[in-house]
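*Asks:*
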RNA sequence: GUCCCCUUCGUCUAGUGGCCUAGGACGCUGGCCUCUCACGCCGGAAACAGGGGUUCGACUCCCCUAGGGGAUACCA
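Numbering (our numbering), first residue to last: 76 to 543.
1) What do you reckon, are the CB atoms on residue 214 and residue 252 nearer than 9 Å?
2) Is DSSP giving residue 175 helix, strand or coil here?
3) Using the Cα positions of residue 448 and residue 393, report the straight-line distance between them to the nearest angstrom.
4) Which value, in whole angstroms, describes the spacing of the CA atoms of residue 373 and residue 380?
5) Helix, strand or coil for residue 408, going by three-state DSSP, please let me know.
6) Mind checking which residues open and close the beta strand (DSSP E) that includes residue 250?
7) Give every residue of the same chain whose Cβ lies closer than 6 Å to the Cβ of residue 389, excluding the five residues on either side of it in the sequence, and list them in chain order.
8) Quick one: give me the first and last residue of the beta strand (DSSP E) that residue 118 is part of.
9) To which residues does DSSP link residue 275 through a beta bridge?
10) In the structure shown, what three-state DSSP assignment does residue 196 receive?
11) Could you name the residues of the same chain whose beta carbon sits closer than 7 Å to that of residue 233, not counting the 5 residues immediately before and after it, in chain order?
12) Touch check for the region 479-486 and the region 501-515: three-plus C-beta pairs under 8 Å?
13) By DSSP, does residue 111 sit in helix, in strand, or in coil?
14) CA-CA distance, residue 208 and residue 199?
15) Tell me whether residue 230 sits in a helix, a strand or coil according to DSSP, three-state version.
16) Give me the Cα-Cα distance between residue 462 and residue 311, rounded to the nearest whole angstrom.
17) Answer yes if the region 463-481 comes into contact with the region 419-433, meaning at least three C-beta pairs across the two stretches below 8 Å, and no otherwise.
18) To which residues does DSSP link residue 314 through a beta bridge?
19) According to DSSP, is residue 170 part of a helix, a strand, or is it coil?
20) Are the region 116-135 and the region 238-253 in contact at 8 Å, needing three or more beta carbon pairs?
21) With respect to the beta strand (DSSP E) encompassing residue 133, which residues constitute its N-terminal and C-terminal limits?
22) Which residues bound the alpha helix (DSSP H) around residue 329?
23) Whole-angstrom Cβ separation of residue 142 and residue 113, contact assumed at under 8 Å?
24) Under DSSP, the beta strand (DSSP E) around residue 471 begins and ends at which residues?
25) Just list the residues that DSSP pairs residue 235 with in beta bridges.
26) Pick helix, strand or coil for residue 201, following the three-state DSSP scheme.
27) Out of 81, 498, 329 and 203, point me to the one whose CA is closest to residue 275's CA.
28) Just how far apart, CA to CA, sit residue 138 and residue 529?
29) For residue 434, which of helix, strand or coil comes out of DSSP?
30) Assign residue 335 to one of two classes, buried (16 or more other C-beta atoms within 10 Å of its C-beta) or exposed (fewer than that).
31) Can you tell me which residues form a DSSP beta bridge with residue 368?
32) Where does residue 512 sit, in a helix, a strand or coil, going by DSSP?
33) Between which two residues does the beta strand (DSSP E) harbouring residue 82 extend?
34) On the DSSP letters alone, give me the boundaries of the alpha helix (DSSP H) that residue 219 sits inside.
35) Select from 375, 330, 354 and 288 the residue whose C-alpha is nearest the C-alpha of residue 432.
36) If you draw a straight line from the C-alpha of residue 116 to the C-alpha of residue 258, how long is it?
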C-alpha cells in the first residue's frame, strides 16, 4: 500500500508558520515512504474563501519547495459527491433529518453548559422522531447518529492511544439546510476518495478525529492513520493566530530567510533526531518519522531561525545568491549600479555572507561593491577621516599602493604593514582609516580582501577622493 | 463549565528504569584570535512543575494537584 498524505489548508488567509510545518511533515512523510503528497483546498465555506488566499498559499508552498503530486483538489467541487454520501447514510438509517430552529439549538447549548456534564449539547430530539412531524417550510439539516454509549479509542501515531467516552459525542451536522456539506463530512469523504493513508494535521483536530472515526464507520470505510502534531505557539504561549505573531511565510522570505533555513527550522520544531541541528532536506527525507515527533507545543524563536539562516547563507551557491542580491538592490536603489557590480559582488560575496544573518543584510553590506565612487560615509567614517593626520596616512598609502605591480592580498598586506612599521603605527591605525576611505564605514570584510575585490583602479580612486 | 492534550535550562530539544553529579543547540556571558565587524576556538551561568506511590534504583512507570494549551458551530 502506498502512502498518501495530504495538506488541506482552508483558503481564508495566508500560509502561516504552523500550516507550513504541517505541510512540511506531510511532504516529508510521503517522500520518506516514496508515497504521494497531495494538496487539497478546503473551500467548503465559499463565503470565507478567496482566490487571493489560494494564490498566497500556493506561493508560500512553492517558496518552501514542497512540490505536490497530482492535481490540486478543490473540496467545493466535490459537493455533489458529499451530498450523495449523506443521502446514502440517510437511507441506511445512519443519519437523519433535524428540523431544529437556531433558537432551539441555542437553548440546548445553554442547558448543556449549565448542567456541565458533557461536551455535547444536542439532545437528539429528532433522532427517532417520526419524519411526519416535520414542520412545514423548514429546510432540515442532516445529522449523523453517533453511538450512545461505550467509548472510542484513537490510536494516534503521535499522541498514542486517546480514549473518549461516546456520550461526549453528539449527533453532529453533516449536511447544512442548504444542502452543502460541512467540513466534517467533506474531509472524511475526500480523504477516503483520495485514498489518504495518513492524516497528519494540527493537534487542534484531535477532537474532530473521534467524530470522523464514526463517520468512517457509518460509511463502512477504513479509517486512515491519524497523527496529530502539536501546535506552534506564539511567544506568549498561545496558539498562533494573526494576533499572536503568526506571520505568513512570505514575510520571512521578505526578511531574507532562505527556504532551506525555514525547512530545517520547522523540522526541528517538534521533531528531533538525536542532537542533530542542521539537517539537509535530503537527510530529513531519509530520517523523518512520526515516532520522533514530540507531543508538546513549541514556541517560535526568531534567534534560532536567524542563526540557522546564517548557516545556510554560507552554504548557498555564491553566484545564485549574487543574482538574488543584485535583483533586490536594483529594486531598492535609485542609484545606478557600477558596471563592475556583478563581478565585484561575486568576488566579495563570501566575505559578506560571513557577517550576515539574512539576505537583506547581505544586500545592505554589498553597497560597497555595487556602486562606484564617490560613496557615502557613515558618521564613524566621517569622524575618522576628518583628522589631518589620518588624511596624511591615506595619501601616503595611495602613493605606495599605486606603485605596486602585483595586486593581491599578500602583496597589499605586506605593503600596508611595512608602512605601519616604518611609522611605528599599529596596523589598526592604518587599516581603519583605509576601511573608512574605501567602504565609507567602520565595519567591513577584511580590508585587503576589499581592495582586491574592488580592484586597483577603484581602490585608488576612492583613496584619492577621500585624501583631498 | 465539560472533554481532550501537554509539562527537562529563557527558547528548541536529547533522554524510553541504573550510562544522568541530566547532554546538545540558540540566546546570554568570561576569554582567546584579530585591521573593524563577524566567523572560529576555549570556558561559564542556566532545567527534570509540586506531592504521593511502584521499584534495590526514577527525568524515565502509576495516581493526585497545579499550571499551560486545544476543542466545544448549519467555520475549517
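Glycine residues also receive a C-beta, built at the ideal position from the N, C-alpha and C atoms.
*Replies:* Inspection of the coordinates gives the following:
1) Numbered from its first residue, the first chain carries residue 214 at position 139. Numbered from its first residue, the first chain carries residue 252 at position 177. Yes; because the gap between Cβ atoms is below 9 Å, this pair is in contact.
2) Within the first chain, the letter at position 100 stands for residue 175. The answer is coil: DSSP assigns residue 175 none of H, G, I, E or B.
3) Counting from one through the first chain, the residue named residue 448 turns up at place 373. Counting from one through the first chain, the residue named residue 393 turns up at place 318. The straight-line gap from Cα to Cα measures roughly 25 Å.
4) Here the question's residue 373 lines up with position 298 in the first chain. Here the question's residue 380 lines up with position 305 in the first chain. Answer to the nearest angstrom: the Cα atoms are 14 Å apart.
5) Along the first chain, one-based indexing puts residue 408 at 333. Coil, per DSSP.
6) For the purposes of this step, residue 250 is identified with residue 175 of the first chain, where counting begins at 1. Per DSSP, residue 250 belongs to the beta strand (DSSP E) from 248-250.
7) For this step, residue 389 is matched to residue 314 along the first chain. These residues qualify, in order along the chain: 428.
8) The residue you call residue 118 lines up with position 43 of the first chain. First-last for residue 118: undefined, no H or E at that position.
9) Locating residue 275 in the first chain gives position 200, where the first residue counts as 1. DSSP lists 302 as partners of residue 275.
10) Locating residue 196 in the first chain gives position 121, counting from the first residue. Here residue 196 sits in coil by DSSP.
11) Here the question's residue 233 lines up with position 158 in the first chain. Only 302, 303, 304, 365, 368 and 370 meet the Cβ criterion.
12) no
13) Indexing the first chain from 1 puts residue 111 at position 36. Three-state result, residue 111: strand.
14) Along the first chain, one-based indexing puts residue 208 at 133. Along the first chain, one-based indexing puts residue 199 at 124. Those two C-alpha atoms are separated by around 15 Å.
15) The residue labelled residue 230 in the question sits at position 155 within the first chain. Three-state DSSP puts residue 230 in a strand.
16) The residue you call residue 462 lines up with position 387 of the first chain. The residue you call residue 311 lines up with position 236 of the first chain. Approximately 51 Å, taken between the alpha carbons.
17) no
18) For the purposes of this step, residue 314 is identified with residue 239 of the first chain, where counting begins at 1. Looking at the DSSP assignment, residue 314 forms a beta bridge with 308.
19) The count along the first chain starts at 1 and reaches residue 170 at position 95. Reduced to three states, the DSSP call for residue 170 is strand.
20) no
21) In the first chain, counting from the first residue as 1, residue 133 sits at position 58. Per DSSP, residue 133 belongs to no beta strand (DSSP E); it is in the alpha helix (DSSP H), 126-139.
22) Counted from its first residue, the first chain places residue 329 at position 254. Looking at the DSSP string, the run of the alpha helix (DSSP H) that includes residue 329 is 324-330.
23) Start at 1 with the first residue of the first chain, and residue 142 comes out as number 67. Start at 1 with the first residue of the first chain, and residue 113 comes out as number 38. So it is not a contact: roughly 11 Å between Cβ atoms.
24) Position 396 of the first chain holds residue 471. Per DSSP, residue 471 belongs to no beta strand (DSSP E); it is in the alpha helix (DSSP H), 463-477.
25) On the first chain, position 160 is the one that residue 235 refers to. 231.
26) Looking up residue 201 in the first chain gives position 126. The answer is coil: DSSP assigns residue 201 none of H, G, I, E or B.
27) In the first chain, counting from the first residue as 1, residue 275 sits at position 200. Comparing Cα positions, the closest option is 81.
28) Stepping through the first chain from its first residue, residue 138 is reached at position 63. Stepping through the first chain from its first residue, residue 529 is reached at position 454. Using only the alpha carbons, I get a separation of about 34 Å.
29) Here residue 434 refers to the residue found at position 359 when the first chain is read from its first residue. Of the three classes helix, strand and coil, the one that applies to residue 434 here is helix, per DSSP.
30) Working through the first chain from its first residue, we reach residue 335 at position 260. When all chains shown are included, residue 335 counts as buried.
31) Numbered from its first residue, the first chain carries residue 368 at position 293. Paired residues: 346.
32) Position 437 of the first chain, counted from the start, is the residue given in the question as residue 512. Three-state DSSP puts residue 512 in a helix.
33) As a position in the first chain, residue 82 is number 7, starting the count at 1. Taken as a continuous stretch (DSSP letters only), the beta strand (DSSP E) holding residue 82 covers 79-82.
34) For this step, residue 219 is matched to residue 144 along the first chain. Per DSSP, residue 219 belongs to no alpha helix (DSSP H); it is in the beta strand (DSSP E), 216-219.
35) If you number the first chain from 1, residue 432 lands on position 357. That would be 330, whose Cα lies nearest to the Cα of residue 432.
36) Here residue 116 refers to the residue found at position 41 of the first chain. Here residue 258 refers to the residue found at position 183 of the first chain. Computed Cα separation, rounded: 12 Å.
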